[in-house]
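A short write-up of the structure that comes next.
In my numbering, the protein residues as written are 7 to 352.
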């Protein structure tokens with residue numbers, strides 16, 4: 007394992023659509039990047055640049071609206087964590103409030119969906135602004151990015167010695183969240199963190215952004231810049247992939263710093279289905295305990311510990327953390343360097 011990387015590798019995944027030999031070469035490159043760095047720039051993904059440009063245009067229009075207009079779809083109005091997130095709503099394990107605003111959505115299920123009617127905290131319909139074009143463009147990007155995620159999940163299955171379709175039955179309607187994020191211009195950003203240091207909770211994240219600011223923690227606990235590469239996704243491993251791989255692929259701690267210019271960011275957090283038990287599919291690395299978690303419960307618990315409106319609901323007894331919940335930052339390099347939250351609970 008490379009413990010002192012100073013840059014983020016680029017992996018061209020076009021070979022996943024090619025011959026068996028080309029696919030094998032891409033799988034090997036993805037495995038190396040996930041094991042040594044946990045972050046990579048992914049090119050050759052096939053997403054039409056016009057799809058992203060349309061998303062960026064609609065996102066700018068949404069965030070340019072007055073706060074009162076955006077608050078009409080405030081995330082606190084929803085029961086399944088969808089909608090507008092104002093600045094300061096999120097607080098991470100170190101106690102830092104972020105300096106961004108966001109709009110959160112996921113797979114848009116009907117309001118008649120049985121899981122939603124039963125009170126599932128992450129499944130159901132999105133909370134949309136009254137803008138048909140915004141809805142159409144955002145959904146188009148979501149669907150395209152999700153399909154790229156499915157292709158990558160198949161590649162990671164191969165990297166773990168499984169069949170390419172090993173996780174296909176666990177990807178029927180996962181709570182894979184897309185966030186539209188706006189970091190406003192801040193002339194004092196050199197002294198202030200943007201988003202707190204954290205790992206992502208899902209299998210991996212597919213990220214597009216418009217400006218630098220992202221930093222990645224290497225295995226020595228040092229921060230490494232990860233500036234965007236044109237027409238590439240940043241892909242980073244998350245808690246679930248660390249668990250599935252028995253610790254071979256480490257969930258990578260990261261943060262946003264030095265946001266001295268306006269910045270837009272679009273992470274799609276690629277998850278397995280809500281009720282899937284996530285556990286190692288290969289032997290667990292030496293020194294690591296065998297653990298498991300329920301995918302959706304992990305996402306819900308981490309979210310409840312991060313968002314102010316949900317923490318208030320927990321405090322009021324309106325909702326409860328799942329019994330299997332873990333603290334913030336118990337995976338990844340931050341946890342391994344003693345900077346994370348509490349230990350995993352059974």
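The beta carbon of each residue, even a glycine, is placed where N, CA and C say it ideally should be.
Taking DSSP as the reference, what is the three-state secondary structure of residue i?
i           : result
residue 300 : strand
residue 81  : helix
residue 198 : Model confidence at residue 198 stands at a pLDDT of 47, short of 50, so the residue's coordinates are unreliable; what they give is reported in the following sentence. Three-state result, residue 198: coil.
residue 282 : coil
residue 345 : Bear in mind that the predicted position of residue 345 carries a pLDDT of just 44, short of 50, making it too unreliable to give a figure here.
residue 89  : strand
residue 254 : coil
residue 13  : coil
residue 262 : strand
residue 176 : helix
residue 350 : Low confidence applies here, because residue 350 scores a pLDDT of 26, under 50, leaving its location unreliable; read the following figure in that light. Residue state, collapsed to three classes: coil.
residue 8   : Below a pLDDT of 50, predicted positions are generally treated as unreliable, and residue 8, at 49, falls in that range; no measurement from the model is reported.
residue 329 : coil
residue 19  : coil
residue 25  : coil
residue 355 : Residue 355 is absent from the model: the chain starts at 7 and stops at 352.
residue 71  : coil
residue 153 : helix
residue 147 : helix
residue 62  : helix
residue 107 : strand
residue 245 : helix
residue 120 : helix
residue 312 : coil
residue 128 : coil
residue 230 : strand
residue 133 : coil
residue 35  : helix
residue 217 : coil
residue 289 : coil
residue 141 : helix
residue 43  : coil
residue 113 : coil
residue 97  : strand
Which residue from the options puts its Cα closest to that of residue i?
i           : options            : result
residue 41  : 303, 213, 139, 258 : 258
residue 214 : 48, 121, 70, 304   : 48
residue 238 : 223, 272, 251      : 272
residue 110 : 234, 222, 68       : 68
residue 70  : 84, 55, 92         : 92
residue 16  : 45, 24, 226        : 45
residue 229 : 219, 235, 322      : 219
residue 191 : 210, 286, 105, 292 : 105
residue 89  : 35, 128, 74, 132   : 132
residue 236 : 72, 318, 55        : 55
residue 291 : 226, 250, 329, 124 : 250
residue 260 : 203, 27, 286       : 203
residue 205 : 217, 176, 248      : 248
residue 29  : 226, 162, 300, 286 : 162
residue 156 : 177, 139, 84, 167  : 177
residue 166 : 193, 124, 254      : 254
residue 263 : 274, 27, 226, 221  : 221
Could you tell me how far apart the beta carbons of residue i and residue j are, in whole angstroms, since I believe they sit closer than 8 Å?
i           : j           : result
residue 269 : residue 189 : 4 Å
residue 284 : residue 298 : 6 Å
residue 21  : residue 37  : Going by Cβ atoms, the distance from residue 21 to residue 37 rounds to 14 Å, so no, they are not a contact pair.
residue 256 : residue 212 : Not really, about 18 Å apart at Cβ, beyond 8 Å.
residue 86  : residue 130 : 4 Å
residue 11  : residue 171 : Incorrect: roughly 32 Å between the Cβ atoms, too far for contact.
residue 276 : residue 209 : 5 Å
For residue i versus residue j, is the C-beta spacing smaller than 8 Å?
i           : j           : result
residue 306 : residue 14  : no
residue 181 : residue 302 : yes
residue 312 : residue 96  : yes
residue 57  : residue 135 : no
residue 245 : residue 304 : yes
residue 278 : residue 173 : yes
residue 179 : residue 113 : yes
residue 18  : residue 50  : yes
residue 33  : residue 164 : yes
residue 267 : residue 217 : yes
residue 286 : residue 252 : yes
residue 207 : residue 308 : yes
residue 310 : residue 300 : no
Are at least three pairs of beta-carbons, each pair with one atom in the segment 136 to 147 and one in the segment 61 to 81, less than 8 Å apart?
Using a C-beta cut-off of 8 Å, the segment 136 to 147 makes contact with the segment 61 to 81, since at least three inter-stretch Cβ pairs fall below that distance.
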